[in-house]
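Trainee: Dumping the structure here so I can ask a few things about it.
Number of protein chains: 2
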Amino acid sequence: MTDAPTLPTLPMAAAHRTVFFVSDGTGITAETFGHSVLTQFELRFKQIRLPFIDTLEKAYDATRRVNEAYAIDGKLPIVFSTLVKADLSKVIQEAKGLHMDLIQTFVEPLEKELGIKSTHTVGRSHNTANSEEYKNRIEAINYSLAHDDGQSNKNLADADVILVGVSRSGKTPTSLYLAMQYGIKAANYPLIPEDFVREKLPSGLLAYKHKIFGLTILPERLSEIRNERLPGSKYAALSNCRYEINEAEAMMRREGIRWMSSTTKSIEEIAATILQEIKTDNDE
Amino acid sequence: MTDAPTLPTLPMAAAHRTVFFVSDGTGITAETFGHSVLTQFELRFKQIRLPFIDTLEKAYDATRRVNEAYAIDGKLPIVFSTLVKADLSKVIQEAKGLHMDLIQTFVEPLEKELGIKSTHTVGRSHNTANSEEYKNRIEAINYSLAHDDGQSNKNLADADVILVGVSRSGKTPTSLYLAMQYGIKAANYPLIPEDFVREKLPSGLLAYKHKIFGLTILPERLSEIRNERLPGSKYAALSNCRYEINEAEAMMRREGIRWMSSTTKSIEEIAATILQEIKTDNDE
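What follows is the structure, encoded as structure tokens:
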């Protein structure tokens, strides 16, 4: 934006809309939700996070910032808010903006249907720091870290899932995400050329075959990713990537291991898919 | 639940409500949002995730499952949905439930205000696997893993933030969360007894003091956490935890390092707070 407008007044066609995520907590809910709605509009948005708005003073301050954005943009800012307290919410609603109030919109019909009043406590996306669920998540993160990249054969009996795949097929981020988001203990093991020569799964895994889930990836994409890391190496060469992927897929087929391709999927999509697969095995 | 009801018909006062999270994607948005609304009601909920509902057939199947839950519970299930396609959404709406349709509720007013139609593409909470933002996140995760627990002094110049604190003060999960959720390159360094004797920060960090952010924790809580790991050890003893925390806080004060307590905070809250602090330094 080096071409400053010549008139110092409101620019008539601002290149963007300003979007605010206002929350009395972390703002993660407002932001996650806002993103998934905004991706449906092919526009550029300037995004501003305003977390921890938990006093009237901060609410007035937030309102002032929304109004400032309106004055600068000449267009109504879009305000995604998750303010549990009605008085704070009311203050924000006075700002000049298009208001997407997630809580107020849905809490009232819920109160009616459930026949009880909301406690109007500040929403926390993942419970409080001392809850059982929270402890499980931290434990799962530590477990997944200790069992990253085949680091340890210990306690594999405790794993909820063991991801396998060639180097850079997406195992590590997926394991960490499963732990962080869902409290799933996810170990991960690389399938390496030695395994392909032996034509066997790493021996430490044999007892846990029912927990194994494979990740594969298109050789072209794998080569691209590996080249970013070790440009021009044999490791990254397309021919080598093709060889490894072929062998890995053949092994998974032979061993009856479920697998999916990570090529065009985000971590979230891979994790959610694996979660469904694990669940189908057990209860739900 | 060993006491089965004697009458095999609809239990009149079911112990729970069934809640569905229905999505054409991972369901993370519906679930994150649903949780933060439901935590405001002191009730037990049975939660069922139905991700990847992206065909009419799957939508009808989801509808059938909601109706089944209604038949069993004798109470309307609560249905949080994020279905972008209007035809799929319409199918779900026919299920007997209290519908919280996140997309349809907000997309229409947005279309009106923005003056353009939504593309009705399936929302993805974190963009597609090939976007620049996505690559940054993966890079940040790899960076944070490689710089966990003081493993490496290399490339600290690339860090967006360097977390310091005593062992088990919450550095590792926070670093990984910052990377995963926000694409922040977060290194972390333990403050250990040797540092307290020397009364100096680890020497590798001195050049990056402006990027350091400290985590502290109440000694009682720290002792509890460490005792889960190494019960009865000196490491976990309350007296030792008190010593380490005192020294760590004294050092941070002396060095002018910003810090916060992780005692009662979730990873999400710690991460969002740090993010605000980092931002205030730079742009926003």
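Protein chains in written order, with this note's numbering: chain F, 1 to 284; chain C, 1001 to 1284. Glycine included, C-beta positions come from ideal geometry on N, C-alpha and C.
Give the range of the alpha helix (DSSP H) segment to which T18 (chain F) is assigned.
Mentor: It is not in any alpha helix (DSSP H) - T18 (chain F) instead sits in the beta strand (DSSP E) that spans R17 to S23.
Trainee: Taking only beta-carbon positions, decide if F33 (chain F) is within less than 8 Å of chain C.
Mentor: Yes, because at least one Cβ of chain C sits closer than 8 Å to the Cβ of F33 (chain F).
Trainee: If we cut at 8 Å on Cβ distances, does E199 (chain F) have a partner in chain C?
Mentor: So, not an interface residue.
Trainee: If you follow the alpha helix (DSSP H) that F33 (chain F) is in, where does it begin and where does it stop?
Mentor: Note, F33 (chain F): alpha helix (DSSP H), I28 to L38.
Trainee: For chain C, check one thing: does any of its Cβ atoms lie closer than 8 Å to the Cβ of V286 (chain F)?
Mentor: Outside the modelled stretch of chain F, which goes from 1 to 284, sits residue 286 (chain F), for which no answer is possible.
Trainee: Counting only beta-carbon separations shorter than 8 Å, does E1042 (chain C) have a partner in chain F?
Mentor: E1042 (chain C) counts as touching chain F.
Trainee: Report the option in C:I1053, C:L1038 and C:P1077 whose CA atom is closest to the CA atom of A1086 (chain C).
Mentor: Minimum Cα distance to A1086 (chain C) is reached at C:I1053.
Trainee: Alpha carbons only, please: which of C:A1095, C:N1188 and C:F1196 is nearest the one belonging to L1205 (chain C)?
Mentor: The option with the nearest alpha carbon to L1205 (chain C) is C:N1188.
Trainee: Please state whether DSSP places A1157 (chain C) in a helix, a strand or coil.
Mentor: If DSSP states are grouped into helix, strand and coil, A1157 (chain C) belongs with the helices.
Trainee: Using three-state DSSP, classify A1236 (chain C) as helix, strand or coil.
Mentor: Three-state result, A1236 (chain C): coil.
Trainee: Considering only DSSP beta bridges, list what H1210 (chain C) is partnered with.
Mentor: Per DSSP, none; premise fails for H1210 (chain C).
Trainee: Taking Cβ to Cβ, would you say I1184 (chain C) is nearer than 8 Å to V1164 (chain C)?
Mentor: Contact flag unset, no.
Trainee: CA-CA distance, H126 (chain F) and D1149 (chain C)?
Mentor: Because the pLDDT of H126 (chain F) is 46, which lies under 50, any placement of that residue in the model is unreliable, and the number read from its coordinates should be weighed accordingly. Taking the straight line joining both Cα atoms gives about 25 Å.
Trainee: Which of helix, strand or coil does DSSP assign to K117 (chain F)?
Mentor: DSSP places K117 (chain F) in coil when its eight states are reduced to three.
Trainee: If we count the other Cβ atoms within 10 Å of its Cβ and call it buried at 16 or more, is E94 (chain F) buried or exposed?
Mentor: With fewer than 16 Cβ atoms within 10 Å of its Cβ, E94 (chain F) is classed as exposed.
Trainee: Give the DSSP-derived three-state secondary structure of L360 (chain F) in the structure shown.
Mentor: Because chain F spans 1 through 284 in this model, residue 360 (chain F) falls outside it and cannot be assessed.
Trainee: Which bits of chain F does P1077 (chain C) rub up against, with CB to CB less than 7 Å?
Mentor: The premise fails here: P1077 (chain C) is roughly 10 Å from chain F at the closest Cβ pair, so nothing lies under 7 Å.
Trainee: List the endpoints of the continuous beta strand (DSSP E) containing S81 (chain F).
Mentor: S81 (chain F) -> beta strand (DSSP E) spans I78 to T82.
Trainee: For L98 (chain F), which residues from the same chain have a beta carbon less than 8 Å from its beta carbon, with the 5 sequence-adjacent residues on both sides left out?
Mentor: Answer for L98 (chain F): L76, P77, I78 and V79, listed in chain order.
Trainee: Can the beta-carbon of L1056 (chain C) be found closer than 8 Å to that of L1088 (chain C)?
Mentor: Yes, they are a contact pair.
Trainee: So T1105 (chain C) packs on T105 (chain F), CB below 8 Å; how close in whole Å?
Mentor: Yes, they are in contact, since the Cβ atoms of T1105 (chain C) and T105 (chain F) sit about 6 Å apart, within 8 Å.
Trainee: Closer than 8 Å, CB to CB, is E268 (chain F) near chain C or not?
Mentor: Closer than 8 Å to some Cβ of chain C, the Cβ of E268 (chain F) qualifies, so yes.
Trainee: Any beta-carbon of chain F closer than 8 Å to the one on F1106 (chain C)?
Mentor: Closer than 8 Å: yes.
Trainee: Select from C:S1152, C:S1203, C:E1133 and C:S1167 the residue whose C-alpha is nearest the C-alpha of Q1181 (chain C).
Mentor: Of the listed residues, the one whose Cα sits closest to Q1181 (chain C) is C:E1133.
Trainee: Can you give me the Cβ contacts of A159 (chain F) inside the same chain, cut-off strictly under 8 Å, excluding the 5 residues immediately before and after it?
Mentor: Excluding positions up to five away in sequence, the list reads Y143, H147, K185, A186, A187, Y208 and K211.
Trainee: Return the chain-ordered list of same chain residues with a C-beta closer than 7 Å to the C-beta of P1219 (chain C), the five sequence neighbours on each side being excluded.
Mentor: The residues are L1238, C1241, R1242 and I1245.
Trainee: Does the Cβ-Cβ distance between L1201 (chain C) and E1255 (chain C) come in under 8 Å?
Mentor: Result yes, Cβ atoms of L1201 (chain C) and E1255 (chain C) sit closer than 8 Å.
Trainee: So, are the CB atoms of R1049 (chain C) and E1068 (chain C) less than 8 Å apart?
Mentor: The answer is no: Cβ separation not under 8 Å.
Trainee: Among C:M1100, C:R1253, C:K1058 and C:V1022, whose alpha-carbon lies nearest the alpha-carbon of F1213 (chain C)?
Mentor: Per the Cα distances, C:R1253.
Trainee: In chain C, which residues lie less than 7 Å from P109 (chain F) when you measure between Cβ atoms?
Mentor: Ordered by position in chain C, the residues that pass the 7 Å Cβ test against P109 (chain F) are L1098.
Trainee: Using beta-carbon positions only, say whether Q1047 (chain C) and V1019 (chain C) come within less than 8 Å of one another.
Mentor: Contact flag set, yes.
Trainee: Could you please give the first and the last residue of the uninterrupted beta strand (DSSP E) stretch that includes R258 (chain F)?
Mentor: Taken as a continuous stretch (DSSP letters only), the beta strand (DSSP E) holding R258 (chain F) covers R258 to S261.
Trainee: What first and last residue would you give for the alpha helix (DSSP H) that runs through N138 (chain F)?
Mentor: Looking at the sequence shown, residue 138 (chain F) is not Asn but Ile. E132 to A146 is the span of the alpha helix (DSSP H), which, as asked, contains I138 (chain F).
Trainee: Have a look at T172 (chain F) and A271 (chain F) and give me their C-alpha separation to the nearest angstrom.
Mentor: Each residue's alpha carbon lies about 11 Å from the other.
Trainee: So P1190 (chain C) is in the alpha helix (DSSP H); what residue range does that whole segment cover?
Mentor: Where P1190 (chain C) is concerned, there is no enclosing alpha helix (DSSP H), although the beta strand (DSSP E) it sits in stretches over A1186 to P1190.
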